[in-house]
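The listed protein sequences correspond, in order, to chains R and V.
Sequential numbering from 1 applies to the first sequence in our numbering.
Sequential numbering from 1 applies to the second sequence in our numbering.
Every residue, glycine too, gets a C-beta built ideally from N, C-alpha and C.
Just so we're clear, the structure is a prediction, and the values are computed from it rather than from any experiment.
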Amino acid sequence: MIANRRHHPASLLFKIGSVIRNLLFIFLILFVFQSGSNSTLVVYGRYAFIAYISWSFVTAILNWLTTTYALDDQGFYLRRGIFSKTEQSIPFSKVQNINRHTSFFHRILRLTSISFETGIAGDDASVKFGVTTKKEASQLEAIVQQQKDFINIENPTIVDGTEDFLVAEPTVFTKKTTDERILHFQPTRRDLLKASMTSFSFLLLIPLLGSVFYNVSDFFNLDERLESVGASILSSPWLIAIAVTILVVASFTFGIIHSFIKYGKYEISSDSQRIYIKKGIFSEASFSIAKERVQAIEITQTFTKRILGLAEVKLISAGSLSLATEDLNISSLYPFLPIKQAYALISELLPGYRIHENMQRLPRRSLWIRMLKPNWIWLIATAILFYFKPKFLGIEEAWWIASSILLVLIVISRVLDFLHTRYCLNEELIQLKNGGFTSTLFVTKREKIVEVEISQNRIQRAFGLSSLQTVTRARPIHTSYLEDVPDQLAVTFHHWYRGRSNEVQLESTE
Amino acid sequence: MNDQYTAPRHSLSPNAVKYWRMDELISNLIAFIVIGVLFYLDWHFEWYEWIFWVLVAITAFFLIGIIWSIVSPPLTFKSWRYDLDKEFLYLQFGIWNHTQQLVPMTKIQAVSLTQGPLMRKFDLASLSVETMGSSHSIPALPKEIASELREQIGHFAKIKEVEQ
């Protein structure tokens with residue numbers, strides 16, 4: 001489909017650009033700030049610098065010349081290496097999700113980057129095209145996706161050699177050519193305002209100002225000027241009030257702008273086969289995953305989000321979810337979804353997932369056993385506090401006050417955890433919810449669970465309680481726990497999990 | 001929580017207890033020699049006093065360890081059960097923490113058989129199974145059963161064998 005070819009020439013430009021960016025500071029020291037210096041260190045440093053930078057350029061060019069890729073109807077064929085050559089072939093069927101990222105520089109040059117993430121362990125887990133034209137990226141994406149659909153039609157079981165593939169309604173396959181993307185979610189202004197409050201992004205201004213200050217004060221002497229300004233402000237209460245108001249207003253404005261930039265252009269859409277998430281204003285990122293590749297769903301609520309009725313929904317994939325150094329975290333559907341809307345969205349996107357809001361609670365005795373459990377953090381902290389007895393704000397008894405505050409927090413967190421812990425086994429779905437201040441609801445299908453564990457220690461045995469654990473594929477693997485459930489549930493859980501084989505067999509014979 | 005209907009049937013090799021004791025004995029002997037040498041050095045070079053007390057503490061732990069290593073093998077043996085059918089590998093073990101693990105055959109990626117020199121003496125082998133996320137092992141099986149199981153699991157999981 002695509003014969004052996006090199007990456008886009010602009011990738012060389014990006015590589016050289018990053019080399020220059022990394023070395024700029026050293027360059028400034030050697031050739032600008034110390035330009036008059038004749039010390040041996042600086043003189044030899046300059047030679048070493050020139051040698052290193054030319055070597056970097058040469059290797060960048062050679063790497064570009066020797067790195068090639070090709071695609072046929074089965075997979076990618078990658079070659080690289082200047083002296084020792086590496087050849088790699090990655091079948092499309094291993095691709096778990098596709099990430100696309102257009103940074104600011106990509107945008108200027110009308111280019112983009114795309115990476116195909118596989119579930120393979122190790123460093124070669126993704127096929128990355130760091131710099132490529134938009135047209136080619138779309139072409140690559142289309143080839144990989146069509147190929148997957150094609151395999152699906154031919155024989156549902158070869159998708160990845162195991163029974164992982166979930167057969168959606170058979171009609172899907174014939175529909176796929178005509179079906180269109182449906183837009184499910186786009187944040188409104190109100191959503192964004194709420195987001196800026198819950199994410200506390202208005203607090204970000206202070207560290208940002210701090211770091212700007214330190215960077216600038218390397219070059220200019222700001223300290224003295226600021227001191228004189230500070231002194232004149234502190235001289236009058238009016239000026240103090242005005243300064244504080246300006247700071248608060250600036251913080252909130254900054255926070256709102258920050259969340260508009262970060263979460264503004266969010267878009268969740270899907271067609272019958274895949275889910276697409278797009279975000280970002282200055283630098284765009286998008287993520288797409290085939291529906292049957294979604295390993296599990298995680299709905300997280302922090303303390304503040306719970307008060308406002310918001311939640312973050314994450315799709316768990318076996319492939320990597322972020323692009324290199326960029327903190328994209330795009331597996332998240334949207335970090336500030338109203339909880340009802342979140343549940344609705346999930347069942348819209350993934351037809352198999354119907355979340356039951358009516359989940360079962362733990363029996364009262366689970367709370368007692370949790371209270372009995374020794375808390376090592378508290379014990380160690382108290383021991384250290386007792387030994388050093390540090391004074392805080394001149395209070396002599398600070399150590400036991402701190403220790404009891406910690407204890408109260410731990411007890412509250414345990415009670416909350418007990419209250420939050422719920423479970424539900426509903427046909428092939430399992431829902432596990434737990435967590436103290438931050439609660440997490442984990443939902444998956446039993447065929448996606450790689451293994452289960454049921455354990456019971458001596459104390460739990462006396463109470464007639466057990467703990468459950470499920471493992472699902474993710475990067476790295478995802479383990480979910482449900483602790484101190486009644487024994488009866490452990491037995492049910494065991495049978496429920498054994499039941500997966502019936503389901504799976506039915507699918508492969510279909 | 002033991003369910004009669006699904007409780008795994010097979011236990012480990014009866015030789016396991018002897019093997020574990022022997023294994024513990026050897027490592028205890030080595031540890032004993034190391035501690036003895038340290039005490040001698042402490043006495044000979046007149047190290048700081050606190051070092052002596054640290055050594056005493058280590059010895060105390062060591063003695064507890066010895067007692068545990070004598071008491072635990074029969075308990076471990078009793079706690080271990082495994083079973084498999086064409087769909088699942090089922091493991092059950094743990095003295096303090098009673099644990100059951102259920103691994104679908106289709107999720108098993110590799111099976112391997114390991115046999116150390118001491119194990120060979122007792123005609124034992126351990127079987128370890130790797131899945132997508134973790135690895136599990138059955139510690140002491142009779143050699144023939146272990147290789148039989150390896151074949152079986154390999155067949156059920158439809159995978160190629162992994163060397164050692």
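Beta-ladder partner(s) of residue i, from DSSP
i: GLY75 (chain R); result: R:PRO91
i: GLN139 (chain R); result: Its beta-bridge partners do not exist; DSSP assigns none.
i: VAL103 (chain V); result: V:LEU89
i: ASP83 (chain V); result: V:TYR90
i: LYS128 (chain R); result: R:SER115
i: TYR69 (chain R); result: R:ARG5, R:LEU78
i: SER128 (chain V); result: V:SER112, V:SER137
i: TYR334 (chain R); result: R:VAL313
i: HIS195 (chain V); result: Nothing about residue 195 (chain V) can be read from this structure; chain V reaches only from 1 to 164.
i: PRO545 (chain R); result: Lying outside 1 to 510, the shown extent of chain R, residue 545 (chain R) is not represented and no answer is given.
i: ASN99 (chain R); result: R:SER115, R:PHE287
i: PRO142 (chain V); result: V:LEU124
i: ASN97 (chain V); result: R:ASN457
Sub-8 Å separation of residue i and residue j beta-carbons
i: ARG473 (chain R); j: ALA318 (chain R); result: yes
i: GLN115 (chain V); j: PRO8 (chain V); result: no
i: SER288 (chain R); j: ARG274 (chain R); result: yes
i: ALA383 (chain R); j: ALA342 (chain R); result: no
i: ASN97 (chain V); j: ASN434 (chain R); result: no
i: PHE254 (chain R); j: LEU193 (chain R); result: no
i: THR470 (chain R); j: VAL452 (chain R); result: yes
i: VAL4 (chain R); j: ALA70 (chain R); result: With the sequence shown as reference, residue 4 (chain R) is identified as Asn, and Val is not the correct amino acid for it. Yes. Within cutoff.
i: ALA10 (chain R); j: LEU111 (chain R); result: yes
i: THR99 (chain V); j: SER455 (chain R); result: yes
i: PHE122 (chain V); j: ASN15 (chain V); result: yes
i: GLY280 (chain R); j: LYS265 (chain R); result: yes
i: VAL131 (chain R); j: PHE282 (chain R); result: no
i: GLY394 (chain R); j: SER413 (chain R); result: no
i: VAL450 (chain R); j: LYS158 (chain V); result: no
i: VAL129 (chain V); j: ILE145 (chain V); result: no
i: LEU104 (chain V); j: LEU12 (chain V); result: Just to set this straight, residue 104 (chain V) is Pro in the shown sequence, not Leu. Not closer than 8 Å, so no.
i: THR492 (chain R); j: THR302 (chain R); result: no
i: VAL144 (chain R); j: PHE116 (chain R); result: yes
i: GLU284 (chain R); j: THR133 (chain R); result: no
i: ALA137 (chain R); j: ILE114 (chain R); result: yes
i: TYR263 (chain R); j: PRO187 (chain R); result: yes
i: ILE82 (chain R); j: PHE57 (chain R); result: no
i: THR59 (chain V); j: ILE35 (chain V); result: yes
i: LEU482 (chain R); j: SER501 (chain R); result: no
Within chain V, the residues that residue i reaches when beta carbons sit closer than 7 Å
i: ARG458 (chain R); result: TRP96
Integer-rounded CB distance, given that residue j should sit under 8 Å from residue i
i: GLN431 (chain R); j: ILE316 (chain R); result: 14 Å between Cβ atoms; not a contact.
i: ALA381 (chain R); j: LEU406 (chain R); result: 6 Å
i: TYR497 (chain R); j: LEU429 (chain R); result: In fact, because the Cβ distance is near 13 Å, the residues do not count as touching under 8 Å.
i: ASP487 (chain R); j: ILE369 (chain R); result: About 13 Å; that fails the 8 Å criterion.
i: TYR334 (chain R); j: ARG181 (chain R); result: Between ARG181 (chain R) and TYR334 (chain R) the Cβ distance is about 17 Å, and since that is not below 8 Å, they are no contact.
i: ILE268 (chain R); j: PHE185 (chain R); result: 4 Å
i: THR198 (chain R); j: THR300 (chain R); result: Between THR300 (chain R) and THR198 (chain R) the Cβ distance is about 12 Å, and since that is not below 8 Å, they are no contact.
i: GLU298 (chain R); j: LYS278 (chain R); result: Wrong, their Cβ atoms sit about 21 Å apart, outside the cutoff.
i: VAL37 (chain V); j: PRO74 (chain V); result: With 8 Å as the limit, VAL37 (chain V) and PRO74 (chain V) do not qualify as a contact, their Cβ atoms being about 32 Å apart.
i: GLY75 (chain R); j: PHE92 (chain R); result: 5 Å
i: LEU385 (chain R); j: TRP399 (chain R); result: 4 Å
i: LEU118 (chain V); j: ASP23 (chain V); result: 6 Å
Proximal residues of chain V, C-beta to C-beta of residue i below 8 Å
i: ARG473 (chain R); result: MET132, GLY133
i: ILE477 (chain R); result: MET132, GLY133, SER134
Chain-ordered chain R contacts of residue i [CB-CB under 9 Å]
i: LEU102 (chain V); result: GLU451, VAL452, GLU453, ILE454, HIS494, TYR497, ARG498
i: THR76 (chain V); result: Going along chain R, no residue has its Cβ under 9 Å from THR76 (chain V), so there is no contact; the nearest lies around 15 Å.
i: THR99 (chain V); result: GLU453, ILE454, SER455, GLN456
Residues that residue i contacts on chain R, provided the C-beta gap is smaller than 8 Å
i: PHE88 (chain V); result: ARG498, SER501
Partners in chain R for residue i, counting only beta-carbon separations shorter than 7 Å
i: THR59 (chain V); result: Chain R residues near THR59 (chain V): none, gap ~24 Å exceeds 7 Å.
Practice prompt. Run through the stretch 399-440 of chain R for me and flag every whole beta strand (DSSP E) of 3 or more residues, listed as ranges in chain order.
Written response: 422-426, 429-434
Discussion item. Threshold first: 4 residues or longer. Then list the alpha helix (DSSP H) segments lying entirely within the stretch 261-304 of chain R, N to C.
Written reply: none
Practice prompt. Mind listing, in chain order, the continuous alpha helix (DSSP H) runs of no fewer than 4 residues lying wholly within the stretch 202-258 of chain R?
Written response: 205-217, 222-234
Practice prompt. Let me know the beta strand (DSSP E) ranges lying completely inside the stretch 440-484 of chain R, each 3 residues or longer, listed in chain order.
Written response: 449-457, 465-472
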